[in-house]
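As structure tokens, the structure follows; a few thoughts come after it.
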Amino acid sequence: MIAAIGAFDGFHLGHARLFEKARARALPQGADWGVLTFHPHPQSLFAGAVFRYLFTQQEREALARYRRIPRLETLHFTRALADMKPSEFLDWIGQSYDISGLVVGENFRFGRGRSGDCQTLLQEGGARRWTVDILPPLRVGNETVSSTLIRQKIALGETRSAETLLGHPFFVSGTVVKGDQRGRGLGFPTANLALPPEKLLPQRGVYAAGALLGKQWCPAALNIGFNPTFAGIRALRVEAHLIGFEGDLYGSHLTVLFLERLRGELQFPGVQELVRRMHEDISEAVASWRHYACGHEAELQWLADCLSAQRRD
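In case it helps, the working numbering puts the sequence shown at residues 116 to 428.
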């Protein structure tokens with residue numbers, strides 16, 4: 116197996132280049148190829164605070180389909196694995212996955228205390244007669260693509276800029292749970308999403324979005340926040356108004372992708388002002404979705420297929 120190996124939190128454009136290199140290396144040899152990654156993320160084991168994932172494990176599995184990766188192997192990252200010497204780690208993956216070559220980014224580190232680097236990999240790989248490909252970071256415009264930079268952009272609500280580096284939309288997936296039905300009472304029923312606590316969320320505010328119903332996308336206006344116009348709400352909410360949809364989604368699995376941030380979280384003096392602004396938000400969300408969907412039909416359909424297939428599995 117020719118394997119691209121790394122944490123691969125975002126399956127972004129830089130990662131995609133490693134995947135393509137593994138594929139290109141494997142084809143002339145008639146070898147299989149795939150991706151070796153880790154879960155939980157190595158940083159989550161040692162970080163003092165909760166590590167926020169760009170994509171959950173299930174979402175990454177859907178993205179592996181989206182990237183047309185034929186084989187995804189997820190290594191359970193434990194302190195025992197982290198404590199392996201570099202040579203021990205390479206022996207273990209070599210025997211476990213029949214490795215004949217590795218593809219890594221030049222910042223790849225492995226083994227006890229991150230003591231193994233690319234030079235180590237070249238020496239140890241050569242001794243095992245493996246091919247070893249080391250790729251420099253990818254630049255898009257004047258930015259170096261990295262999960263750290265993408266995470267920063269999403270935290271600031273810059274989802275469109277993040278998509279440029281990801282090569283696909285940022286999205287969240289969760290179960291629709293019952294809320295206080297305040298939106299329904301105002302004429303704007305919302306799907307309240309229960310998300311894993313470790314999932315990274317964009318900055319609070321209202322976003323133009325798309326929601327996946329079955330295998331079809333529909334425009335949505337999504338709010339992240341505490342609904343400050345109404346008192347007594349202490350928990351952060353992620354709620355999407357699916358524009359043009361009427362029905363009951365409670366208990367359903369829903370994926371919502373982010374297009375752009377329309378505005379920040381606002382406290383309105385009264386319900387009438389809130390409703391008036393919600394009409395404006397919905398109009399902007401529809402226009403944003405139509406513009407986006409017009410140029411991304413094939414990508415959206417393929418992403419829908421991959422997400423739907425992942426739910427079936």
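Positions of the beta carbon are idealized from the N, C-alpha and C atoms, including for glycine.
Contact between Arg-275 and Glu-203 does not hold, since their C-beta atoms are separated by about 44 Å, which reaches or exceeds 8 Å. Look at His-394 here: in three-state DSSP terms it is helix.
Met-393 has its alpha-carbon roughly 34 Å from the corresponding atom of Gln-172.
DSSP, read as helix, strand or coil, puts His-411 in coil. A direct Cα-to-Cα measurement between Ala-131 and Val-150 gives close to 11 Å.
Annotation for Trp-332: no alpha helix (DSSP H) segment contains it, though the beta strand (DSSP E) segment containing it runs 331 to 340. Going by beta carbons, Phe-134 and Tyr-181 fall outside the 9 Å limit. The three-state secondary structure of Trp-245, taken from DSSP, is coil. Judged by DSSP in its simplified three-state form, Glu-188 adopts strand.
Within its own chain, the residues whose Cβ lies closer than 6 Å to the Cβ of Trp-332, once the five positions on either side in sequence are excluded, are Gly-325, Leu-415, listed in chain order.
For Glu-375, there is no enclosing alpha helix (DSSP H); the enclosing beta strand (DSSP E) covers residues 368 to 378. One thing to note: Leu-308 has its Cβ no nearer than 9 Å to the Cβ of Val-321.
In this structure the segment 237 to 246 touches the segment 210 to 229; the number of beta carbon pairs closer than 8 Å is three or more.
Beyond the five residues adjoining it in sequence on each side, Leu-422 comes within less than 7 Å, by CB distance, of Ala-177, Leu-327, Thr-370 in the same chain, given in chain order. Secondary-structure assignment with DSSP links Ile-269 through no beta bridge to anything. Straight through space, the alpha carbons of Gly-289 and Arg-391 are spaced by roughly 29 Å. By the neighbour-count definition (other C-beta atoms within 10 Å, threshold 16), Pro-284 is a buried residue. The straight-line gap separating the alpha-carbon atoms of Ala-408 and Ala-402 is approximately 10 Å. Pairing Arg-140 with Thr-246 gives a Cβ-Cβ distance under 9 Å. Taken atom to atom, the span from the alpha-carbon of Ala-277 to that of Pro-252 is near 16 Å.
A residue is called buried once 16 or more other Cβ atoms fall within 10 Å of its Cβ, and Ala-306 is buried on that count.
Each of Phe-303, Ile-339, Tyr-365, Leu-316 was checked against the Cα of Leu-357, and the nearest Cα belongs to Phe-303.
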